[in-house]
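Some notes on the structure that comes next.
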Amino acid sequence: MAQIEEYQDLVLDALEVVEFKLIRDKADADINNDAIPGFHPVMAHQIFGESETIFGYQDLRVRILYTAGPLHIYLGVEYGKRVNEISDGEIKADDVVATIAQSLPDGCYFINLDEFLKTLDKADKFQPFGEKISEYKQQSEDGTERLFEIYQCDYKSSSFLKFFARLQTFILWFVDAASYIDTDDPQWCYFICYEKYKNNDGQYQYATAGYSTVYEYYAYPQNKRPRISQMLILPPFQKLGLATQMVKTIYQFYQSQKNVVDITVEDPSEDFQRLRNFVDARYCKDLKSFARNELIKGFNKEMVREARETLKLNPRQVRKVYELMRLYYTNVNDDKEYKAYRLEVKKRLNAVYYKQLKDLKKMERYKMDTEMLRARLPSTKQRMEQLQEEYTLVEQDYKNTIAKLKA
Ligand SMILES: CC(C)(COP(=O)(O)OP(=O)(O)OC[C@H]1O[C@@H](n2cnc3c(N)ncnc32)[C@H](O)[C@@H]1OP(=O)(O)O)[C@@H](O)C(=O)NCCC(=O)NCCS
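Going letter by letter, the sequence shown gives residues 13 to 419 in our numbering.
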């Protein structure tokens, strides 16, 4: 009887064999046409499990094609040989289509390429949903210009919800710990970015480039605190400044609303936090409380008030921008000035540890047993080393952003 171990070479890395492509034209779907490059997923554990592998094929190619605007989906699998045949039916290969299909909106994908391509006949009629709230021209190095438009949409038409259900299928492959949102919940607000481009007939057409969802939390008595939940710029559109533009657009949208307390971000990734710091620092630079002579004196309530009232930044983020902007103005060649800066940041980084120590001492005053808790805390020496490491990372991150602010 065949042993599964004999087929180790048929265990494939899903990140390598799965390929996405955004199709504008029927010719783009041709497997040999590389004019529009495909792209691979960043993660696959939500689809194929922790190992992110697919079993049972030789020369496997999993193609997931989306029409560029409306995002109709085609799922195709090609391979040289399959374990089913090699093992005379004793061992079965993973059913790739069925596995991926579980994550797709019900029945909303094609496995017949011709049927899928027929949807392109109507793709030139595809129009963005909602209301246009900003546009952005991106100039590439060779001087060509691309036009992007951002739309805000909170209505719940079934055609929008079907489109959004297809759009959010990308997050399982590109956003860590992502899950689909409950579109029945009316507090979700959608921001979608499209590229407006000229097709082969010289007519304008729209391609979907990315999106962000914002949850509008209620705040007493009649206010709201919008929280940016997900943001995804599809890989072919990354590093063009689109996420930066999305953040600015979302800010502008909420800054004009009197009942918005502040804007928060749910569990931001490092890349997102970096671009958020950049946008926020640029805005705060023009505030009175963020002038050099104010920053050097230390963090104060006026910074929080001014940044919250004018920009809707939340206090925690204001603190980060304060540190970033203080470093911006700090003369690191002046020992005293630089040391004062480092102490200020380390004080914040050490706040949790300090609080834990304080709680322990309090418990000990009440004669409580703290042995286990103490054992879990690092020693003073260990903590000093950790703190230095944390500080170095924070400072490097700020320095990168400062270089961009000065560029
Ligand atoms: C994080 C993410 C949203 C950023 O989107 P993006 O559109 O590529 O972001 P931007 O183009 O505005 O900025 C990204 C970088 O490109 C740079 N950039 C901006 N415009 C550029 C241009 N015209 N040319 C080259 N680089 C540019 C930015 O300075 C920034 O540099 P940095 O990474 O060193 O900070 C995107 O990578 C993504 O969707 N990632 C996966 C999902 C995710 O992590 N989402 C965030 C969850 S909260």
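We put the CB at the ideal spot given by N, CA and C, even for glycine.
Quick caveat: nothing in here was measured; it's all calculated off a predicted structure.
Taking the alpha carbon of residue i as the reference point, which residue from the options has its own alpha carbon closest?
i, options, result
"Tyr69", "Tyr78, Ile43, Asn96", "Asn96"
"Phe290", "Met243, Leu173, Tyr334", "Tyr334"
"Val54", "Trp185, Glu147, Met243", "Trp185"
"Thr7", "Gly119, Phe203, Asp166, Leu125", "No answer is possible for residue 7: the residues shown for the chain start at 13 and end at 419."
"Asn326", "Ser391, Asn305, Arg239", "Arg239"
"Ala221", "Asp213, Gly214, Ile245, Lys236", "Ile245"
"Tyr209", "Thr156, Lys313, Gln242", "Thr156"
"Asn305", "Tyr365, Asp213, Tyr340, Arg288", "Tyr340"
"Cys296", "Gln151, Phe172, Arg320, Arg237", "Arg320"
"Glu207", "Glu402, Phe138, Val406", "Phe138"
"Ser391", "Leu369, Val406, Asp213", "Leu369"
"Val330", "Thr256, Ala293, Arg94", "Ala293"
"Lys93", "Glu153, Asp188, Gln114, Asp21", "Asp21"
"Leu274", "Glu318, Phe265, Arg317, Lys324", "A small correction: the amino acid at residue 274 is Asp; Leu does not occupy that position in the sequence shown. Out of Glu318, Phe265, Arg317, Lys324, Lys324 has the C-alpha closest to the C-alpha of Asp274."
"Phe160", "Ala219, Asp126, Ile193, Met375", "Ala219"
"Met243", "Leu173, Gln267, Cys201, Thr79", "Cys201"
"Gly214", "Arg338, Lys351, Asp136", "Asp136"
"Pro140", "Ser152, Gln217, Pro49", "Gln217"
"Ala113", "Thr181, Asp126, Phe176", "Thr181"
"Thr342", "Glu407, Lys374, Phe175, Asn362", "Glu407"
"His52", "Phe32, Asn44, Asn45", "Phe32"
"Thr256", "Lys416, Lys374, Phe176", "Lys416"
"Phe265", "Thr322, Ala189, Asn212", "Thr322"
"Ile308", "Asp283, Tyr353, Val272, Ile193", "Tyr353"
"Pro82", "Leu336, Arg158, Leu389, Cys205", "Cys205"
Decide if residue i is buried, meaning its Cβ has at least 16 other Cβ atoms within 10 Å, or exposed.
i, result
"Lys332", "buried"
"Met315", "buried"
"Ser281", "exposed"
"Glu278", "exposed"
"Ile35", "buried"
"Ser191", "exposed"
"Asp106", "buried"
"Ser224", "buried"
"Ile344", "Before going further, note that residue 344 is Val rather than Ile in the sequence given. By the 10 Å Cβ count, Val344 comes out exposed."
"Glu143", "exposed"
"Gln234", "exposed"
"Met396", "exposed"
"Met258", "buried"
"Val357", "buried"
"Ile162", "buried"
"Arg422", "Because the chain spans 13 through 419 in this model, residue 422 falls outside it and cannot be assessed."
"Lys134", "exposed"
"Gln269", "exposed"
"Arg338", "buried"
"Arg317", "exposed"
"Gly310", "exposed"
"Tyr167", "exposed"
"Pro49", "exposed"
"Asp404", "Just to set this straight, residue 404 is Thr in the shown sequence, not Asp. Thr404 is exposed by the Cβ-count criterion."
"Ile43", "exposed"
For residue i, list the residues DSSP reports as bridge partners.
i, result
"Asp25", "Thr65"
"Pro390", "Pro390 is not bridged to any residue."
"Asn235", "Ala231"
"Ala219", "Glu207"
"Cys165", "Tyr202"
"Met375", "Partner(s): none; Met375 has no beta bridge."
"Glu443", "Residue 443 lies beyond the range of the chain shown here (13 to 419); nothing can be said about it."
"Tyr91", "Bridge partners of Tyr91: none, in fact."
"Thr79", "Ile35"
"Gln242", "Thr225"
"Glu157", "Gln151"
"Ser146", "Ile162"
"Tyr295", "DSSP output for Tyr295 lists no bridge partner at all."
Give me, in chain order, the residues of the same chain whose beta-carbon lies closer than 7 angstroms to that of residue i; leave out the 5 immediate sequence neighbours on both sides.
i, result
"His57", "Glu64"
"Leu385", "Leu372"
"Phe60", "Ala26, Ile66, Thr111"
"Lys38", "Leu129, Leu132"
Closer than 8 angstroms by C-beta to residue i: which residues in its own chain qualify, once you throw out the five before and the five after it? Chain order, please.
i, result
"Arg286", "Asp409, Asn412, Thr413"
"Ser169", "Phe141"
"Ala47", "Ala39, Asp40"
"Val187", "Gln242, Leu244, Ser281"
"Lys374", "none"
"Pro117", "Lys174, Ala177, Arg178, Thr181"
Apart from the five residues on each side of it in sequence, which residues of its chain come closer than 6 angstroms, Cβ to Cβ, to residue i?
i, result
"Leu72", "Leu24, Val29, Tyr91"
"Thr276", "Arg239, Asn326"
"Gln267", "Lys324"
Taking 8 angstroms as the cut-off, does the stretch 292 to 311 touch the stretch 243 to 253 (at least 3 CB pairs, one atom from each stretch)?
no
Flag this pair as touching only if the stretch 101 to 108 and the stretch 194 to 208 have three or more C-beta atom pairs under 8 angstroms; answer yes or no.
These segments do not touch.
Flag this pair as touching only if the stretch 143 to 151 and the stretch 81 to 95 have three or more C-beta atom pairs under 8 angstroms; answer yes or no.
no
Counting pairs of beta carbons, one from the stretch 115 to 123 and one from the stretch 219 to 237, are three or more of them closer than 8 angstroms?
At 8 angstroms Cβ cutoff, the stretches do not touch.
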